[in-house]
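> Let me begin by handing over the structure; questions about it come next.
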Amino acid sequence: MPFSGRKTGVMVAVSGLLLLLVGLIAGCSERVLFRAGRNYFPLSAGRSWKYALGNDTVYVEVRGDTAVLNRGCIQVDRNFAPEYYITSPNEVRKLIVTTRPRPGGEDTVEFRFGLLYWLPPVLGNRYQDRFDTTLISGPDTIAFTHLLDIRVGEIETVTVPAGEFEDCYRLEFTETIVSEDTTVINWVEWLAPDVGVVKRSTGAGDELLVEYR
-17 MPFSGRKTGV MVAVSGLLLL LVGLIAGCSE RVLFRAGRNY FPLSAGRSWK
33 YALGNDTVYV EVRGDTAVLN RGCIQVDRNF APEYYITSPN EVRKLIVTTR
83 PRPGGEDTVE FRFGLLYWLP PVLGNRYQDR FDTTLISGPD TIAFTHLLDI
133 RVGEIETVTV PAGEFEDCYR LEFTETIVSE DTTVINWVEW LAPDVGVVKR
183 STGAGDELLV EYR
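With the working numbering, letter number 80 in the sequence shown gets 62, and the count goes up by one each step, no holes.
Given below as structure tokens:
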């Protein structure tokens, strides 16, 4: 009888652990499904965001549909300067314009829609956007490479002046431009479901969401 009692106790403990494990898995699956169904970069016309960057204010507003390079896109004004995005269920692309000074003017090196986000974000994913060309400088040719490396680092809760946002993806960006010299820029963005960017950390400081609609 004592042995039978111990056996029953072990079975009850194992059953309890299994139920707990099933509950945890179900909870995790529910959060994964929730995040997969959310829009982490909403760009419907009329939406706007206000950010604090130190003592400065950054205003972002979706203006609406337009066309660039014979492609339908969305115009977004950032402090009244237009930016252009192409969105789909799988990705977001942003218009990249890179120029190079020359005597008497400048040359356009890039004018294209480069990959910015893969959607939906997946924890641990890493992806790149790369552009290569050759520049002519007098008798010389110079290789030009523009590389954007993005890593989906963590899922976090972020607190900013606009409130507390759960299920935020932290995206880590490294932009590298190689030509006559090499320039490397790093920044981090936190994207909240159905809100978009709630925080951005750059060399200029932290850009924090104050209000949005």
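In this text, a Cβ means the ideal position worked out from N, Cα and C, and glycines have one as well.
Source: prediction; values computed, not measured.
Mark Glu12 as exposed unless 16 or more other C-beta atoms lie within 10 angstroms of its C-beta, in which case mark it buried.
Exposed, because fewer than 16 other Cβ atoms sit within 10 Å of the Cβ of Glu12.
> In whole angstroms, give me the CA-to-CA distance for Ala63 and Gly106.
33 angstroms
> Output the distance between the C-alpha atoms of Gly135 and Phe23, rounded to the nearest integer angstrom.
Approximately 17 angstroms, taken between the alpha carbons.
> Alpha carbon to alpha carbon, what distance is there between Lys181 and Glu146?
11 angstroms
> In the DSSP assignment, the beta strand (DSSP E) including Tyr67 goes from what residue to what residue?
Ala63 to Thr69
> Give a yes or no on whether the C-beta atoms belonging to Val42 and Ser26 are separated by under 8 angstroms.
no
> Relative to the C-alpha of Asn72, which candidate in Val91, Leu97 and Val14 has its C-alpha closest?
Leu97
> Answer yes or no: do Tyr33 and Leu191 have a C-beta to C-beta separation smaller than 8 angstroms?
yes
> Taking all protein chains shown into account, decide if Phe(-15) is buried (16 or more other Cβ within 10 angstroms of its Cβ) or exposed.
Reliability of the predicted coordinates at Phe(-15) is poor, the pLDDT of 49 falling under 50, and the value obtained from them is presented with this limitation in mind. Per the 10 Å Cβ criterion, exposed.
> Among the residues of its own chain, which have a CB less than 6 angstroms from the CB of Leu6, if the five just before and after it don't count?
Caution is warranted here: a pLDDT of 46 is assigned to Leu6, below 50, making its placement in the model unreliable, and the coordinate value is therefore given only provisionally. Excluding positions up to five away in sequence, the list is empty.
> Among Asp111, Thr90 and Asp176, which has the Cα closest to the Cα of Glu157?
Asp111
> Which residue marks the beginning of the beta strand (DSSP E) containing Val166, and which one marks its end?
Thr164 to Ala174
> CA-CA distance, Val174 and Arg152?
Here residue 174 is Ala; the residue named in the question, Val, does not match the sequence. The straight-line gap from Cα to Cα measures roughly 9 angstroms.
> What is the DSSP secondary structure of Arg17, counted as helix, strand or coil?
helix
> Report the three-state DSSP secondary structure of Gly5 (helix, strand or coil).
Unreliable placement is indicated for Gly5, whose pLDDT of 49 sits below 50; no coordinate value is reported for it.
> To the nearest angstrom, report how far apart Thr165 and Pro83 are at their CA atoms.
16 angstroms
> Rank Pro121, Tyr99, Glu138 and Asp149 by C-alpha distance to the C-alpha of Leu130 and give the top, closest one.
The option with the nearest alpha carbon to Leu130 is Tyr99.
> Just confirm the distance between the C-beta atoms of Trp169 and Phe155, as a whole number of angstroms; I'd bet it's less than 8 angstroms.
5 angstroms
> For Ala125, report the span of its beta strand (DSSP E) as first-last.
Asp122 to Val142
> Apart from the five residues just before and just after Arg108, which ones in its own chain have a Cβ nearer than 6 angstroms to its Cβ?
Arg133
> With a CB to CB cut of under 6 angstroms and the five nearest residues on each side skipped, what residues in its chain are close to Thr127?
Asp114 and Val160
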